[in-house]
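Chemist: Using numbering that gives the first Met the number 0, you'd call the opening residue of the sequence shown number 0 and step up by one each time.
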Amino acid sequence: MNRINSKLQEDKKILSIYFTAGYPNLDDTTKIISELEKSGVDIIEIGLPFSDPLADGPTIQASSTQALKNGMTTELLFEQLTNIRKSVQIPLIIMGYFNPIMQFGVENFCQKCQEVGIDGLIIPDLPMEIYESDYKELFEKYDLKNIFLITPQTSDERILKIDNISDSFIYMVSSSSVTGNQVGFNEIQEHYFERIDSMKLKNPQLIGFGISDKKTFQQATKHQKGAIIGSGFINYINKNTISTISKYINNLL
Numbered sequence: 000m001n002r003i004n005s006k007l008q009e010d011k012k013i014l015s016i017y018f019t020a021g022y023p024n025l026d027d028t029t030k031i032i033s034e035l036e037k038s039g040v041d042i043i044e045i046g047l048p049f050s051d052p053l054a055d056g057p058t059i060q061a062s063s064t065q066a067l068k069n070g071m072t073t074e075l076l077f078e079q080l081t082n083i084r085k086s087v088q089i090p091l092i093i094m095g096y097f098n099p100i101m102q103f104g105v106e107n108f109c110q111k112c113q114e115v116g117i118d119g120l121i122i123p124d125l126p127m128e129i130y131e132s133d134y135k136e137l138f139e140k141y142d143l144k145n146i147f148l149i150t151p152q153t154s155d156e157r158i159l160k161i162d163n164i165s166d167s168f169i170y171m172v173s174s175s176s177v178t179g180n181q182v183g184f185n186e187i188q189e190h191y192f193e194r195i196d197s198m199k200l201k202n203p204q205l206i207g208f209g210i211s212d213k214k215t216f217q218q219a220t221k222h223q224k225g226a227i228i229g230s231g232f233i234n235y236i237n238k239n240t241i242s243t244i245s246k247y248i249n250n251l252l
């Protein structure tokens, strides 16, 4: 079974952490993965830095810019991850934009993902219809789960379609904003969480955007399976050493 699906079957709320590959230093990628697994995180999203990350707020944009300046590339990321499965078992997802994947070659990218042990992909700018017509079969060939995003503005009809072609979890964006652009959740967002819960989708949902501490993690997981933290974690490693990551994670759980 794919590691993501296996993790989702556990009777617990899921904590997924996003970080940008090659940040803060070029060779930090595997160190951060190891520390996150040791700290009790359930899923890790490895951000593939891109020069035009439209869905990301200033924190992740800045980390992507620095990672690119550090020299991070798609090729180098796969080199860094070559032996990662010798030491960690945690589900690993690459989150990035479609342009670098196309430049690398989509099938070549998928093959490399399988070789190094990547379990899934989050590609916010890959339209569902294009995925279904052009890439679904390819992703399945390499056992890569494709995770779609929904927002409060996504129609019920489209959510049901996404649920139908998904086979892991659905990434619930908490608001129509970019990452790291809010603190806490308002009543409208709470209603959104309840609305999606009432749809009884076959795939569990993880909420992202706006989660930065224990309170917001608990709010986000009241109705959904888990939550995703990105900007809050990057802000932490901006100010602290990688060796103290467990302290940050312990304060969330």
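Here a beta-carbon is modelled for each residue, glycine too, at the ideal position from N, C-alpha and C.
(1) What does a CB cutoff of less than 8 Å around S242 pick up in its chain, not counting 5 residues either side in sequence?
(2) Can you tell me which of the three DSSP states V40 falls into?
(3) Compute the Euclidean distance between the alpha carbons of K12 and K221, then round it to the nearest angstrom.
(4) Provide the residue span of the alpha helix (DSSP H) that contains F77, from first to last.
(5) Opposite K144 in the DSSP bridges: which residues?
(6) Flag this pair as yes or no: are the beta carbons of G46 and T19 separated by less than 8 Å?
(7) Let me check understanding here. Comparing Cα to Cα, which of L7, Q113 and I31 lies closest to T240?
(8) Is it right to say N237 is buried, meaning 16 or more other beta carbons lie within 10 angstroms of its own, or is it exposed?
(9) Can the beta-carbon of F147 be found less than 8 Å from the beta-carbon of I161?
(10) Here's the rule: buried if 16 or more other CB atoms are within 10 angstroms of the residue's CB, otherwise exposed. What is S15?
(11) Indicate whether F184 and S197 have their beta-carbon atoms separated by less than 8 Å.
Modeler: Short version:
(1) Counting from one through the sequence shown, the residue named residue 242 turns up at place 243. So the qualifying residues of the chain are E34.
(2) The sequence position of residue 40 within the sequence shown is 41, counting from 1. Residue state, collapsed to three classes: coil.
(3) To locate residue 12, count along the sequence shown from 1; it is residue 13. To locate residue 221, count along the sequence shown from 1; it is residue 222. Answer to the nearest angstrom: the Cα atoms are 9 Å apart.
(4) In the sequence shown, the residue the question calls residue 77 occupies position 78. F77: member of the alpha helix (DSSP H) spanning T73 to Q79, first to last residue.
(5) As a first step, residue 144 is located in the sequence shown; it is residue number 145 there, counting from the start. Answer is G119, bridged to K144.
(6) The residue labelled residue 46 in the question sits at position 47 within the sequence shown. The residue labelled residue 19 in the question sits at position 20 within the sequence shown. Taking 8 Å as the Cβ cut-off, G46 and T19 qualify as a contacting pair.
(7) For the purposes of this step, residue 240 is taken as residue 241 along the sequence shown, with counting starting at 1. Comparing Cα positions, the closest option is I31.
(8) In the sequence shown, counting from the first residue as 1, residue 237 sits at position 238. Flag for N237 reads exposed.
(9) Sequence index remark: in the sequence shown, residue 147 carries index 148 (1-based). Sequence index remark: in the sequence shown, residue 161 carries index 162 (1-based). It is a contact, given that the beta carbons lie within the stated cut-off.
(10) On the sequence shown, residue 15 is found 16 positions in, with the first residue counted as 1. Burial is judged here by how many other beta carbons sit within 10 angstroms of a residue's own beta carbon; S15 has at least 16 and is buried.
(11) Position 185 of the sequence shown, counted from the first residue, corresponds to residue 184. Position 198 of the sequence shown, counted from the first residue, corresponds to residue 197. Contact flag unset, no.
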